[in-house]
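Q: Take this structure first; my questions come after.
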Amino acid sequence: MNIAFIGLGNMGAPMARNLIKAGHQLNLFDLNQSVLAELAQLGGRISASPKAAAEGAELVITMLPAAAHVRSVWLGEDGVLAGIGRGIPAVDCSTIDPQTAREVAAAAAKQGVAMADAPVSGGTGGAQAGTLTFMVGASAELFATLQPVLAQMGRNIVHCGEVGTGQIAKICNNLLLGISMIGVSEAMALGDALGIDTQVLAGIINSSTGRCWSSDTYNPWPGVIETAPASRGYTGGFGAELMLKDLGLATEAARQAHQPVVLGAVAQQLYQAMSQRGEGGKDFSAIVNSYRKPQ
Ligand code: NAD
Numbered sequence: 208m209n210i211a212f213i214g215l216g217n218m219g220a221p222m223a224r225n226l227i228k229a230g231h232q233l234n235l236f237d238l239n240q241s242v243l244a245e246l247a248q249l250g251g252r253i254s255a256s257p258k259a260a261a262e263g264a265e266l267v268i269t270m271l272p273a274a275a276h277v278r279s280v281w282l283g284e285d286g287v288l289a290g291i292g293r294g295i296p297a298v299d300c301s302t303i304d305p306q307t308a309r310e311v312a313a314a315a316a317k318q319g320v321a322m323a324d325a326p327v328s329g330g331t332g333g334a335q336a337g338t339l340t341f342m343v344g345a346s347a348e349l350f351a352t353l354q355p356v357l358a359q360m361g362r363n364i365v366h367c368g369e370v371g372t373g374q375i376a377k378i379c380n381n382l383l384l385g386i387s388m389i390g391v392s393e394a395m396a397l398g399d400a401l402g403i404d405t406q407v408l409a410g411i412i413n414s415s416t417g418r419c420w421s422s423d424t425y426n427p428w429p430g431v432i433e434t435a436p437a438s439r440g441y442t443g444g445f446g447a448e449l450m451l452k453d454l455g456l457a458t459e460a461a462r463q464a465h466q467p468v469v470l471g472a473v474a475q476q477l478y479q480a481m482s483q484r485g486e487g488g489k490d491f492s493a494i495v496n497s498y499r500k501p502q
């Protein structure tokens with residue numbers, strides 16, 4: 208299949224590589240020339256703009272940082288909608304607010320283009336291994352069209368409902384994740400301050416009612432889980448800046464829906480303070496340092 212792929216960063220580049228490996232012909236566009244050159248060596252075709260990439264493509268995929276980039280790449284003068292053919296399926300995999308996802312999809316629909324939102328979880332490791340989870344907001348018909356291609360980049364392809372619902376699933380999950388990591392941090396630091404061995408405490412939590420992914424797989428206390436970022440200086444995981452972005456999306460969506468997110472707002476401020484301390488590039492589990500005496 209001839210696929211346009213726009214946005215080839217930490218996530219998009221490995222996703223595009225998996226599509227090339229699966230035998231697709233890719234039209235590539237990014238602002239970063241070096242990643243384009245690298246993917247061209249694997250057989251991808253470099254395009255001069257999102258419009259040019261979309262021309263002649265049988266499917267368009269984008270993977271961009273935030274809503275402003277999605278708007279400009281899709282709706283701009285040289286954007287995807289200026290080049291895409293009528294009836295061609297399209298999907299944006301960026302994590303953005305549900306409202307923008309719906310607005311861009313509505314603009315696409317006016318041109319006879321069915322567009323889905325399909326944000327992912329699984330991180331850069333999942334993007335490389337082709338084991339991402341895709342949370343897809345689309346009509347049943349569009350989901351059926353996209354599913355086989357998304358399955359070449361991911362393991363779980365979940366139909367969440369109509370367009371926008373993929374983003375809703377993503378931001379609700381990350382809202383809970385951001386909060387649960389702070390809860391585990393608070394409990395681990397309290398136990399340490401009161402004098403219990405943190406390995407013993409983690410073992411109790413992980414076989415008791417406090418157990419969650421933040422405690423049993425990604426525990427923020429160094430040394431508790433060997434494979435967690437906490438055990439390698441909080442490097443190479445899910446950056447606190449990205450968590451801060453997702454909590455911003457959740458709290459803004461909540462504001463628009465007149466829905467309280469009390470703990471989410473507190474969590475957002477704690478990650479904000481972490482960012483201010485210059486720790487935004489660390490894995491988000493380093494939030495535990497907000498509770499520890501300087502080491
Ligand atoms: P990134 O910053 O590494 O990559 C974004 C790419 O988009 C860059 O290559 C950039 O040059 C390109 N770009 C920006 N503006 C552009 C434009 N106008 N035209 C063409 N290309 C443009 O970001 P990432 O880590 O790949 O994340 C992409 C999305 O996936 C984000 O929404 C992020 O929240 C989400 N996400 C990231 C992770 C992760 O672990 N990195 C996990 C899940 C979801």
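Letter by letter, the sequence shown follows residues 208 to 502 of the working numbering. Ideal Cβ positions, reconstructed from N, Cα and C, are used throughout, including at glycine.
1. CB-CB under 8 Å to A461, same chain, minus the five flanking residues each way: which ones, in chain order?
2. What does DSSP give as the partner residues of A323 in its beta bridges?
3. Which class does T340 belong to by DSSP, given the choice of helix, strand or coil?
4. Bridge partners for N209 per DSSP, in chain order?
5. Based on Cα-Cα distance, which residue from R309, Q318, S392, W428 lies nearest to A474?
6. Return the bridge partner residues of I268 from the DSSP annotation.
7. I need the DSSP call for C367, collapsed to helix, strand or coil.
8. Quick check: does the Cβ of L383 come within less than 8 Å of any heavy atom belonging to the ligand NAD?
9. Closer than 6 Å by C-beta to K377: which residues in its own chain qualify, once you throw out the five before and the five after it? Chain order, please.
10. Take every Cβ of the region 327-338, pair it with every Cβ of the region 360-378, and state whether three or more of those distances are shorter than 8 Å.
11. So, for A274: in the same chain, excluding its five sequence neighbours on each side, which residues have a beta-carbon less than 7 Å away from its beta-carbon?
12. Can you tell me which of the three DSSP states G485 falls into?
13. Check whether the Cβ atoms of V356 and D324 sit closer than 9 Å, and answer yes or no.
14. Rounding to the nearest angstrom, what Cα-Cα distance links F212 and R362 in this structure?
15. Less than 8 Å between the CB of K452 and some heavy atom of the ligand NAD, yes or no?
16. From the DSSP output, which residues share a beta bridge with S387?
17. From E348 to A315, what distance separates their C-alpha atoms?
18. Helix, strand or coil for I291, going by three-state DSSP, please let me know.
19. Could you check the C-alpha separation between G230 and I268 for me, to the nearest Å?
20. Whether or not the region 417-426 and the region 234-242 are in contact is what I'm after, with contact meaning three or more pairs of Cβ atoms, one per stretch, closer than 8 Å; do they touch?
21. To the nearest angstrom, how far is it from the Cα of A264 to the Cα of G337?
22. Assuming A321 and N381 are in contact, meaning their beta carbons sit under 8 Å apart, how far apart are those beta carbons, in whole angstroms?
23. If contact is defined by three or more beta carbon pairs under 8 Å, each pair taking one atom from either stretch, is the region 405-413 in contact with the region 489-497?
24. Look at the Cβ atom of D285, then the Cβ atom of K317, and state whether they are nearer than 9 Å.
25. I need the DSSP call for D490, collapsed to helix, strand or coil.
26. From P427, A447, L449, M450, pick the residue whose C-alpha is nearest to that of R439; which is it?
27. Using CA atoms only, rank isn't needed, just tell me which of A447, A409, S415, T416 is closest to E433.
28. Relative to the ligand NAD, is the shortest distance from any of its heavy atoms to the C-beta of G491 smaller than 8 Å?
A: Checking against the coordinates, here is how it stands:
1. Contacts found: P467, V468, G471.
2. V298
3. strand
4. Q232
5. S392
6. I268 pairs with F212, V298.
7. In the structure shown, C367 sits in a strand (DSSP, three-state: E or B).
8. no
9. T302, P326, M342
10. yes
11. Taken in chain order, the residues that qualify are I303, D304, T307.
12. coil
13. no
14. 20 Å
15. yes
16. Looking at the DSSP assignment, S387 forms no beta bridge with any residue, so it has no partner.
17. 16 Å
18. coil
19. 16 Å
20. When C-beta atoms of the region 234-242 are compared with those of the region 417-426, fewer than three pairs fall below 8 Å, so the two segments do not count as touching.
21. 22 Å
22. With 8 Å as the limit, A321 and N381 do not qualify as a contact, their Cβ atoms being about 27 Å apart.
23. Fewer than three beta-carbon pairs drawn from the region 489-497 and the region 405-413 are found closer than 8 Å, and the two stretches are therefore not classed as touching.
24. no
25. strand
26. P427
27. A409
28. With the sequence shown as reference, residue 491 is identified as Phe, and Gly is not the correct amino acid for it. Because no heavy atom of the ligand NAD lies under 8 Å away, the Cβ of F491 does not count as near it: no.
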